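Chains as they are written, first to last, in this note's numbering: chain A, 850 to 1188; chain B, 850 to 1188.
2 protein chains.
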Amino acid sequence: MTPEPPDRVLLGHGSGGRLTDRLVREVFLGRLSNPALDALSDAAHLPDPAGPLAFTTDAFVVSPLFFPGGDIGSLCVNGTVNDLAVAGAVPLHLSAAFILEEGFPLADLRRIADSMAAAAAAAGVEVVCGDTKVVERGHGDGVFVTTAGIGRLRAEPPPGARSIRPGDAVIVSGPLGDHGAVILAARMGLDAAGSLRSDGAPVAGLVDALYAAGVRPRFLRDPTRGGLATVLAEAGREAALTAEVREDRIPVRDSVRAVCSLLGVDPLYLACEGRIVAIVPPEQEGDAVRALRGVPGGEGAAAVGTVVPLRVAPVSLVTLYGGRRAYDTLAADPLPRIC
Amino acid sequence: MTPEPPDRVLLGHGSGGRLTDRLVREVFLGRLSNPALDALSDAAHLPDPAGPLAFTTDAFVVSPLFFPGGDIGSLCVNGTVNDLAVAGAVPLHLSAAFILEEGFPLADLRRIADSMAAAAAAAGVEVVCGDTKVVERGHGDGVFVTTAGIGRLRAEPPPGARSIRPGDAVIVSGPLGDHGAVILAARMGLDAAGSLRSDGAPVAGLVDALYAAGVRPRFLRDPTRGGLATVLAEAGREAALTAEVREDRIPVRDSVRAVCSLLGVDPLYLACEGRIVAIVPPEQEGDAVRALRGVPGGEGAAAVGTVVPLRVAPVSLVTLYGGRRAYDTLAADPLPRIC
């Protein structure tokens, strides 16, 4: 009798031979099935997108791999979907390449593939091509996934930071820092009560809602690594303007604030994985907030500030007590491997 | 005085803050510059491809990173360019995502970026978007790169293995196994004389030459992981036919044969990174070989066999001595991390 192979990743799973083929069919094809992927050819054949494209990629090395509200599977789909959405594109097709460490449990890989399938379905995209490589134990860290994505560019994508003008409104689509806080808490063994949950979600529906309401953002981003402060600091620097935001308007959950006070981290630098930051002309502020609040994931949208002529820093926070705090990009985010 | 940062990758280089920005600008932008990449937005904006697309991805974990005839930088460009080319597409745009290990020398990363730039220029493609993540020392292995690629699909891409018919000719574009042999020798400390060199190269020009000569391959692949034997075994299985190849016609360099005899490896299973295998209708055999021999990288092209009704295995080798040897896909390639 041939012994059953152990239910763990073997070096041979990355060899391109029969073990690789079995892994791909058993773990990925059943879960992510679509005609382009199922063909298992060297490249997926896709229909004419009939217009200009957007193309993006992200590597995901999040640790831990599983956390309240998501895992590396949902993250690697949403992250790339969201980069396309905030670039002003409608996400269409994803690729996914796995770097597995020898010994990684196949049960965990199946769970990740399930999560990718659910996230792709929720975002209305298909994973159409992929790759699997394996490195020796001690030369990787469980699993890394790199996704790339193709989208159809809208007729009027956000022109970018240089189009921002004084008086423009700064809008966020919901509470900030949930994802960063949950990863931080998971690594530190905090949050025994389980009150934290990643905000990981596709933002394409939020962007659709803005456009459908006639809003034309001058600048649109998802505040991932480095959070709201970094996104606004980069925009402010490029525009040579300051984003003046008000602490009393910035939505942050109490549970996130608690983690931040305990660890001395500022929630404005914490990553989100399902939020957008939009800078819109002043007359579109009301429509933008209403549009976001009307769709799932945007219920907590708020106008948090205004663009003003350049002050000492590209971001100025008016605190609860009327003081001011300057923010700029950090040399390095205090929290590695957040995504 | 602020001390100079060490010339090595730091965890902060992956944080999305100023260190990441400096790394991207100093290492990648200067070398890979083009308007889409230079915009450094969430997604590259690309013109309408005006037709159906091909989309592919590969993760590269080759070890060692540098080897005679190439490195992970040339490999990650050519590998994706070649997957597009053999799928019947003209390669256009690439993405590149890096997973760096803390402590990796920046000088090596610059050398890899130089190599990517040269390979992209040679293949006529642009790297239009990217990402950089860093993992703690001991949780990665120097650098892993994942590229994805978009190409414009030809009007008549190869229909695939199921279109193969008995009598079709099997053609290779040059000597087999150079890449596999050089990696094997580098790991084993063989080849002090330096006679081996990877065949790593873009194959898009070879495919162009076939089409320009009126050849319409029924099946087209680059024999990477698993080599010629694996490509033909997969095709044979899918077509329920056998590829009968003749040892006296299969080009293998003496230096590659020497490594193979020393280590007990069959050159037919060794990876190439700059070759193609084409199965063409019998009447196109002569044109195909002539077309390949007329372009750089195809000088050693040869017709190596014929498709016949199914025998005991999907590949049958007629040996130099008139015997027969059956080949099928392997459970696992004997050589991990070949690409």
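We put the beta carbon where it would ideally sit given N, CA and C, even for glycine. Because the structure is a prediction, the values reported are computed rather than measured.
Short Cβ contact (9 angstroms threshold) for L914 (chain A) with I961 (chain A): yes
Identify the contact partners of C978 (chain A) in chain B, using a Cβ-Cβ distance below 7 angstroms as the criterion. F904, T905 and T906
Validate contact between the stretch 890-909 of chain A and the stretch 913-928 of chain B using beta carbons, cut 8 angstroms, 3 pairs: no
Taking only beta-carbon atoms, is D856 (chain B) less than 9 angstroms away from chain A? no
Going straight from the alpha carbon of D932 (chain A) to that of V1056 (chain A), what length do you get? 11 angstroms
Could you give the DSSP three-state label for C1109 (chain B): helix, strand or coil? helix
Taking only the alpha-carbon atoms, compute the straight-line gap between E1087 (chain B) and T869 (chain A) and give it to the nearest angstrom. 17 angstroms
State buried or exposed for M965 (chain B), treating a residue as buried only when at least 16 other CB atoms are found within 10 Å of its CB. buried
DSSP three-state label for L1166 (chain A), please. strand
With DSSP run on the structure shown, which of helix, strand or coil describes G1000 (chain B)? strand
Other residues of its chain near R1174 (chain A): CB distance less than 8 angstroms, five sequence neighbours each side excluded: S1165, L1166 and T1168
When you compare only the Cα positions, how much space is there between A1152 (chain A) and V974 (chain B)? 42 angstroms
For L848 (chain A), three-class secondary structure by DSSP: Only positions 850 to 1188 of chain A appear in the structure, and residue 848 (chain A) is not among them; the question remains open.
Closer than 9 angstroms, CB to CB, is H1028 (chain A) near chain B or not? no
Quick one: what does DSSP say V1099 (chain A) is sitting in, helix, strand or coil? The question names Val, but residue 1099 (chain A) is Ile in the sequence shown. If DSSP states are grouped into helix, strand and coil, I1099 (chain A) belongs with coil.
How would you write the range of the alpha helix (DSSP H) that I921 (chain B) sits in, first residue to last? I921 to V935
Return the CA-CA distance between V1126 (chain B) and L1077 (chain B), expressed in angstroms with no decimal places. 7 angstroms
Please go through the same chain and pick out, in chain order, the residues whose beta-carbon is closer than 8 angstroms to the beta-carbon of A1053 (chain B), but skip the five residues on each side of it. V930, N931, L933, A934, V939, P940, A972 and G973
Distance between V858 (chain A) and A956 (chain A) (C-alpha atoms, nearest Å): 10 angstroms
Does the CB of S890 (chain A) have a neighbour CB from chain B at under 9 angstroms? yes
Closer than 8 angstroms, Cβ to Cβ, to anything on chain A: give me those residues from the stretch 939-953 of chain B, in chain order. H942, S944, A945, A946, F947 and I948
Find the nearest neighbour of L1150 (chain A) within the set A:V1129, A:N927, A:R1098 and A:L1141, judged by alpha-carbon distance. In the sequence as displayed, the identity of residue 1150 (chain A) is Ala instead of Leu. That would be A:L1141, whose Cα lies nearest to the Cα of A1150 (chain A).
Could you have a look at H1028 (chain A) and say whether DSSP puts it in helix, strand or coil? helix
Candidates B:D1048, B:L958 and B:E1093, of which the one nearest R874 (chain B) by Cα: B:L958
Skipping 5 residues on each side, what residues in its chain have a beta carbon closer than 6 angstroms to that of N883 (chain A)? E975
Please confirm whether G1000 (chain B) has its beta-carbon closer than 9 angstroms to some beta-carbon of chain A. yes
Which residues of chain A have a Cβ atom closer than 9 angstroms to the Cβ of S1012 (chain B), listed in chain order? None at all; the shortest Cβ gap to chain A is about 13 angstroms.
Please compile the residues from chain A whose C-beta is within a distance smaller than 9 angstroms of the C-beta of L1077 (chain B). Per Cβ cutoff of 9 angstroms: no residues; L1077 (chain B) is ~13 angstroms from chain A at best.
Limits of the beta strand (DSSP E) - the one that V961 (chain B) falls within: First, the amino acid is wrong: residue 961 (chain B) is Ile here, not Val. Not the beta strand (DSSP E): I961 (chain B) falls in the alpha helix (DSSP H), residues L955 to A972.
Taking C-alpha atoms, which residue in B:G1009, B:P901, B:F953 and B:A997 lies nearest to A945 (chain B)? B:A997
Just mark E1122 (chain A) as buried or exposed, buried being the case when its beta carbon has 16 or more other beta carbons within 10 Å. buried
How about G922 (chain A): is its C-beta nearer than 9 angstroms to some C-beta of chain C? Looking at the structure shown, chain C is missing, and the protein chains on hand are A and B.
Could you please tell me which residues of the stretch 1036-1054 of chain A, in chain order, have their CB closer than 8 angstroms to any CB of chain B? none
Measure the beta-carbon distance from G1146 (chain A) to S1022 (chain A) and round it to whole angstroms, keeping in mind my assumption that it falls under 8 angstroms. 7 angstroms
Can the beta-carbon of D1182 (chain A) be found closer than 9 angstroms to that of A1084 (chain A)? no
Interface residues of chain B facing S1165 (chain A) [CB-CB closer than 7 angstroms]: Those within 7 angstroms of S1165 (chain A) in chain B number zero; the least Cβ separation is about 19 angstroms.
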